[in-house]
Structures are given as C-alpha cells and as structure tokens.
Amino acid sequence: MTAVTGDVEETDPGDLEVITNAIKQVGINAGSTLVGVAAADAFNEYVPEGHRPGDFLPGAQSVVVCASLGPTNAAWQSPNRRLMEITGYDFRENVSSIVVAEYIEQNHGYLAMQAPALPTSGQQPPLSMMLSAVLAGLGTRSIAANIILNPTYGIMFFAAAITTMRLTPDHQLEENVCPARSCVRMYELEGKTPCMAVCPADEGGCLDATIEDGQITSSFFDRERCSTRAMNFGIRGHIKQVEILTGIDDADERRELIYSDDFRRNMSSIGRYKESVSQCFECMRVCPVGRYRRKLQ
Amino acid sequence: MEELDWLSIKSGLLDMARKRGAEVARVGDPALLEDAEPGLRPSELLANVKSMIVLGGAAPRAAEWESTRVEVMETVGTADRMTALGSSLARHIEETYGYYAMNVPTATDQDDKAFLDFKAAAIASGAGTASLAGPVLDPDHGFLYLTVILTTMPLPADGPLEEPACPAPQCLDMWEEKGTTPCMAVCPIDDGGCIGGEIDQGLVIKRRYDAERCRDRVYHYWTPGYQAALERALDEPDSRKRKMILYGSFFTRTMWSITYSGVSQGQCFECIRACPVGSEQRALK
Chain A
1 MTAVTGDVEE TDPGDLEVIT NAIKQVGINA GSTLVGVAAA DAFNEYVPEG
51 HRPGDFLPGA QSVVVCASLG PTNAAWQSPN RRLMEITGYD FRENVSSIVV
101 AEYIEQNHGY LAMQAPALPT SGQQPPLSMM LSAVLAGLGT RSIAANIILN
151 PTYGIMFFAA AITTMRLTPD HQLEENVCPA RSCVRMYELE GKTPCMAVCP
201 ADEGGCLDAT IEDGQITSSF FDRERCSTRA MNFGIRGHIK QVEILTGIDD
251 ADERRELIYS DDFRRNMSSI GRYKESVSQC FECMRVCPVG RYRRKLQ
Chain B
1 MEELDWLSIK SGLLDMARKR GAEVARVGDP ALLEDAEPGL RPSELLANVK
51 SMIVLGGAAP RAAEWESTRV EVMETVGTAD RMTALGSSLA RHIEETYGYY
101 AMNVPTATDQ DDKAFLDFKA AAIASGAGTA SLAGPVLDPD HGFLYLTVIL
151 TTMPLPADGP LEEPACPAPQ CLDMWEEKGT TPCMAVCPID DGGCIGGEID
201 QGLVIKRRYD AERCRDRVYH YWTPGYQAAL ERALDEPDSR KRKMILYGSF
251 FTRTMWSITY SGVSQGQCFE CIRACPVGSE QRALK
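Read top to bottom, the protein sequences are chains A and B. For the first sequence, the residue numbers in this note's numbering are 1 to 297. For the second sequence, the residue numbers in this note's numbering are 1 to 285.
Printed below as a string of structure tokens:
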C-alpha cells in the first residue's frame with residue numbers, strides 16, 4: 001500500500017456525514033459550485049470493468065464529484081456568438097477535485113486521486129464524469145447530447161476525486177431533470193422540444209426524442225455530427241488538416257492551408273484549450289433548465 | 001443604490017483582486033472604447049456594458065529576469081494567472097451582485113483579431129500608459145500581463161493616468177545624450193530591430209514599430225514556429241531529412257510551446273529587460 005502522510009483514522013459512522021460535508025465544503029471553497037459523493041461500487045451496475053473507480057485506485061470506496069458552471073452568464077448573453085467559442089473559463093472543478101484529493105490524503109490519511117476523465121484510447125473516458133455526476137446526485141441525462149443537467153443550474157462541468165475513504169454517498173435524483181415542464185408542453189403542441197427544434201436530427205441536426213407522459217421514451221443523438229460542430233477547432237480539426245496536408249502535392253496550396261485562419265484557430269484552440277472547449281452551445285442556449293439563473297441585471 | 005455603495009463595492013472588488021495576485025486593479029469607462037473599429041467595441045461583447053475592470057499582474061519574477069539562462073524567460077510566462085483571476089472575479093460579480101460580468105478571452109477571434117483592445121482598455125482605466133516599446137507600462141511595476149472584465153455593473157471609473165510612464169526620466173537623459181532610448185538601442189528598427197521613434201518635449205513622437213518582425217522573434221516557438229516547421233517538413237522530399245525536422249528540437253519545442261502556451265508565450269523580452277520603468281521591482285538582493 002502506498003504510504004500517505006498522517007495517520008489513517010478510524011471513521012466513526014456517526015461522524016461520517018459530518019466528515020463528508022466538511023470534505024464537500026473544501027471542494028466548494030476551492031471553487032466548485034456543487035460537490036456530490038457517489039459510492040464507488042455504484043458504478044458496477046452501469047459500466048464494465050476497466051471503467052470503475054477501483055480499476056484506477058484499488059480499494060476505492062467513494063468518488064467525490066466537483067461541479068462548476070463554466071461560462072459566465074454574461075458570456076451566454078454576448079451578441080458576439082464567437083465569444084462563446086473562445087469563452088475562457090478556468091476549469092476550476094478540476095482544481096477543486098485536486099484540492100479535495102489533497103485534503104483527504106493530508107487530513108484523513110486515506111488515498112485519494114483526481115479521477116482520469118480524458119479518453120486515452122478511443123472515445124470512451126477511463127472514468128465517466130457524466131456517470132459520476134449522475135451517481136452523485138448532481139443531475140440527470142438530457143435529450144440534448146446526453147448532457148447532464150442539474151435541476152438548479154442546468155449544464156455544469158464535472159471533475160472528480162476517487163478515494164479509499166468511505167464517505168456518505170448522495171442519492172441519485174429521483175426525478176429526471178429533462179424534459180422540463182415547458183419542454184413537455186412544447187412537445188405536446190409542436191412535437192419537439194427547444195433543443196430538438198434548434199438542432200433537429202432529421203434536418204441536418206443532432207437531436208431527436210419522443211416523450212410520453214412527461215418522460216423521455218426514446219432519444220437519438222448523432223454524436224459524430226455533434227462533435228464535428230461542437231469541436232470543429234482543436235485536436236480533431238488539426239488532425240483533419242494534417243491529413244489534408246499530407247494529400248496535397250502542391251507546395252503553394254499546402255502553404256495556403258498552413259497559414260489559413262482555420263489552421264491558426266485550430267492551433268490556438270489546442271494551445272489555449274481552457275479558453276476554447278467547444279464551438280456550439282445552441283441546444284443549451286435554448287434549454288430552460290437553469291435558464292432563469294442566467295438572467296441578471 | 002447610493003453612489004457610496006458603488007464606491008465601496010468597487011473598493012471591495014479591487015481589493016479582492018489585489019489580494020489574489022493583481023498588482024494593478026482599475027476601473028475604466030467602456031464608452032471610451034466605443035470609437036474603436038467594429039469588432040473591438042465592448043458593447044459588441046456585452047450589451048449594456050457599464051464598466052470594465054482591468055487587472056495587471058503575474059509579471060516574471062525578479063529572479064527570472066536575472067537568470068543567466070535565456071531559456072528561463074522563454075518558458076516562464078504566467079499570464080494564465082491573470083486569466084484565472086479575471087474569470088473568478090467575473091463569476092464573483094455575477095453570483096454576489098447579480099450583474100453580468102465576463103472575462104474577455106485572451107485568445108483571438110477569427111482572422112487573429114483580438115476580441116477587445118486590451119492596451120486601450122488598460123490605458124482608459126489607468127492601468128498603465130502606452131510605451132515606446134509597445135506594452136502598456138504601469139508607472140510602478142512596468143510591464144504586466146493584463147486581463148479585462150466587462151460588466152453591466154455601474155462602477156465609478158478611475159480614468160486614465162495623468163502622467164505617462166514612458167519615457168522614464170532615465171530614457172529622457174539617454175535620448176538627449178545619445179539620441180536613443182534603452183528599448184530603441186536594444187532593438188533599433190533601422191538596424192534589424194523593431195522599435196523606433198523620437199522624443200520631443202518629454203513626449204514620444206513619430207513612433208515606429210515593426211509588428212511582423214517583433215512577432216517573428218517573440219513567437220518563434222508557438223503557433224507561428226509550428227506553421228513554419230510543418231511547412232518545411234512537408235516541402236522536404238527526402239524522407240530522412242523530413243524525419244529530422246519532425247523529430248528535431250525546434251519542432252518539439254514548438255509543440256511544447258503550444259501545449260504550454262500559458263507558460264511559454266514569448267521568447268523575446270529584450271525591450272522590457274532594458275526598460276527602467278518598474279526596474280526597481282526587479283532589483284533584489
């Protein structure tokens with residue numbers, strides 16, 4: 001077992017909730033808007049081996065999930081749509097999850113680490129932050145690209161810490177956040193929700209779903225199409241351009257591409273990844289969940 | 001709200017920024033930038049914008065300026081700190097006071113244009129004044145990295161500084177004696193450098209600046225260097241030479257510089273190294 005600083009304490013079940021809340025507060029103090037806890041074994045029901053907390057930290061007991069809001073409300077309101085394409089936010093949920101992990105190791109003597117969330121092979125993340133958020137009671141999946149919606153804040157960004165410390169897990173939300181009541185009403189009237197209307201799968205968009213009795217009965221999400229729109233600058237865009245470049249024989253034509261604005265924006269997006277995560281937010285822009293919170297003075 | 005409330009709110013916000021690392025924190029009137037060319041106006045980013053908060057800080061440390069290895073200054077930029085601070089302050093304004101606030105992206109818009117003229121915002125707010133060398137200079141700290149927060153909050157504006165930081169008294173003396181200043185001497189536009197100009201009655205006039213040449217030198221790693229090296233590699237018909245370019249030190253460094261762009265943005269600081277404004281901050285034991 002890896003040594004950690006401090007003595008490993010015996011956790012009194014009576015104090016567990018108090019300790020859990022204190023750890024959540026550490027995450028909030030470090031910049032998270034919300035912090036939830038999932039039991040490590042709750043993942044077993046949903047994901048295969050290789051994608052469970054214990055696969056990364058043997059003996060894992062809990063996953064502490066940190067959530068932040070991403071772009072400010074002003075960025076959502078900006079009349080310059082390109083601002084949201086490059087709308088720096090500080091990934092503070094990542095910082096927060098690291099602070100939580102350090103706090104647990106230093107103060108409670110249990111192993112803790114930031115959960116690996118970026119795909120290392122293919123498109124699947126080692127540990128799903130979306131699933132972590134759902135299991136920690138921070139939200140539920142939506143029609144809109146399966147984005148996890150929190151009932152109060154809508155879209156959030158997630159990071160997590162895995163620990164061998166047993167904590168009091170939160171309950172999953174009992175009711176689905178999506179579809180919102182106003183979306184159900186719109187669906188009854190028009191056969192679509194705001195997100196489906198703004199990005200309809202059968203008209204060149206990415207989303208489709210059916211709703212019965214206020215519940216999603218089927219949903220369709222064209223991930224490939226969405227990813228080419230939401231992430232048209234960045235690593236994928238650059239890879240595509242390199243592929244095109246290797247197929248061009250004419251040096252002048254290659255030069256034109258290398259020094260094009262599109263090429264530069266791809267490189268800028270890679271270099272300033274924090275400031276350019278995504279280039280399409282339209283399904284979230286029309287989503288009513290959490291929208292009233294985006295309305296300020 | 002009463003006028004007094006806005007003053008104390010402003011004071012609280014700027015104090016908070018200073019405690020978290022800003023050396024300079026000022027408020028400007030965004031209306032002063034509305035004459036800028038389309039695409040650079042604050043109201044095009046945030047409707048009903050009332051104030052712009054300009055924060056400056058995260059300059060290289062004194063020891064880094066003193067390092068005998070040039071590679072240190074090439075790879076120790078800390079501009080990310082200001083961006084994070086700006087984002088945090090914007091979020092604080094929205095969550096605490098219920099007014100819209102955004103940290104203006106430091107990355108560029110299409111065609112490599114800025115979203116806002118940070119230098120103009122800094123000057124309008126009094127977070128420094130224009131300089132012969134180019135960067136905005138704070139009279140006490142000299143060169144600082146900047147971040148700009150636009151908000152609909154009606155904060156009282158500080159306005160521009162009355163006295164320009166550049167030219168410094170030492171530079172005036174040098175001009176009178178030698179017809180040049182430290183920055184022009186280290187990077188003379190008529191001798192392969194980027195900076196030129198004259199000083200008349202204590203003011204900079206006829207400033208000349210070769211932006212393309214400066215960019216080539218400041219950013220020889222990073223995206224421009226990567227583009228040049230990639231073009232060279234693809235043009236190279238010999239596969240062994242191509243491999244040498246792609247696996248060579250220069251190409252590798254361009255990739256490092258891109259992925260660590262927050263800490264490796266500039267590879268030339270010579271005009272600022274020679275600048276006396278804020279130099280006392282860089283002189284330690």
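Each residue gets a CB set at the ideal place from its N, CA and C atoms; glycine is no exception.
Skipping 5 residues on each side, what residues in its chain have a beta carbon closer than 8 Å to that of GLY6 (chain A)?
At GLY6 (chain A) the pLDDT is 42, less than 50, meaning the model places this residue with poor confidence and gives no usable figure here.
Determine the closest residue to LEU138 (chain A) out of A:ARG255, A:THR33, A:GLU203 and A:PRO126, with distance taken between C-alpha atoms.
A check of alpha carbon separations from LEU138 (chain A) across A:ARG255, A:THR33, A:GLU203 and A:PRO126 identifies A:THR33 as the nearest.
Does the pairing of the segment 290–297 of chain A with the segment 148–155 of chain A give three or more beta-carbon distances under 8 Å?
Output reads yes: the segment 148–155 of chain A touches the segment 290–297 of chain A.
Taking DSSP's pairing of strands, which residues face ASP200 (chain B) in a bridge?
Note: ASP200 (chain B) is bridge-paired with B:LEU203 in the DSSP secondary-structure output.
Based on the DSSP secondary-structure assignment, which residues constitute the bridge partners of PRO200 (chain A)?
According to DSSP, which records beta bridges pairwise, PRO200 (chain A) is partnered with A:LEU207.
DSSP on GLY225 (chain B), reduced to helix/strand/coil?
Residue state, collapsed to three classes: helix.
Every unbroken beta strand (DSSP E) within the segment 8–74 of chain A, with a cutoff of 3 residues, ordered by chain
Taking only runs of at least 3 residues, the beta strand (DSSP E) segments lying wholly in the segment 8–74 of chain A are 34–39 and 62–68.
Note down, in chain order, every chain A residue with its Cβ under 8 Å from the Cβ of GLN267 (chain B).
Neighbours of GLN267 (chain B) on chain A: none; closest Cβ ~14 Å, over 8 Å.
Does any CB atom of chain B fall closer than 9 Å to the CB of GLY271 (chain A)?
Yes, GLY271 (chain A) lies at the interface with chain B (some Cβ there is under 9 Å from its Cβ).
Which class does ASP190 (chain B) belong to by DSSP, given the choice of helix, strand or coil?
Residue state, collapsed to three classes: helix.
Does chain A have any CB closer than 9 Å to the CB of ALA84 (chain B)?
Yes, because at least one Cβ of chain A sits closer than 9 Å to the Cβ of ALA84 (chain B).
Determine the extent of the alpha helix (DSSP H) in which GLY237 (chain A) is found, giving its start and end residues.
Taken as a continuous stretch (DSSP letters only), the alpha helix (DSSP H) holding GLY237 (chain A) covers 235–246.
Can you pull the chain B residues whose beta carbon is under 8 Å from the beta carbon of ASP261 (chain A), in chain order?
Listed along chain B, the residues sitting closer than 8 Å to ASP261 (chain A) by beta-carbon distance are GLN110, ASP111 and ASP112.
For a contact meaning CB atoms closer than 7 Å, what does ILE258 (chain B) contact in chain A?
Simply MET267, ILE270 and GLY271.
What distance in whole Å lies between the Cβ atoms of LEU150 (chain B) and LEU46 (chain B), which are believed to be in contact at a cut-off of 8 Å?
Contact between LEU46 (chain B) and LEU150 (chain B) holds: CB atoms are separated by about 5 Å, below the 8 Å threshold.
Taking C-beta to C-beta, are CYS226 (chain A) and CYS206 (chain A) nearer than 9 Å?
Annotated as proximal: CYS226 (chain A) and CYS206 (chain A), with beta-carbon spacing under 9 Å.
Using 9 Å as the threshold, is the C-beta distance between SER125 (chain B) and VAL27 (chain B) below it?
Yes, the Cβ-Cβ distance between SER125 (chain B) and VAL27 (chain B) is below 9 Å.
Residues in the same chain with beta-carbon distance under 8 Å from MET333 (chain A), minus the five sequence neighbours each way, listed in chain order, please.
What is shown of chain A runs 1 to 297, which leaves residue 333 (chain A) out entirely.
Note down, in chain order, every chain B residue with its Cβ under 8 Å from the Cβ of LEU245 (chain A).
Neighbours of LEU245 (chain A) on chain B, chain order: LEU230 and LEU234.
Helix or strand or just coil, what does DSSP make of THR151 (chain B)?
The three-state secondary structure of THR151 (chain B), taken from DSSP, is strand.
Considering only DSSP beta bridges, list what MET52 (chain B) is partnered with.
DSSP output for MET52 (chain B) lists B:GLY28 and B:LEU150 as bridge partner(s).
Does ALA117 (chain A) get closer than 9 Å to chain B when you measure Cβ to Cβ?
No, its Cβ sits nowhere closer than 9 Å to a Cβ of chain B.
Beta-bridge partners of THR212 (chain A), as assigned by DSSP
One detail in the question is off: residue 212 (chain A) reads as Glu in this sequence, not Thr. Partner(s): A:GLN215.
Does the Cβ of HIS141 (chain B) have 16 or more other Cβ atoms within 10 Å, making it buried, or fewer, making it exposed?
Per the 10 Å Cβ criterion, buried.
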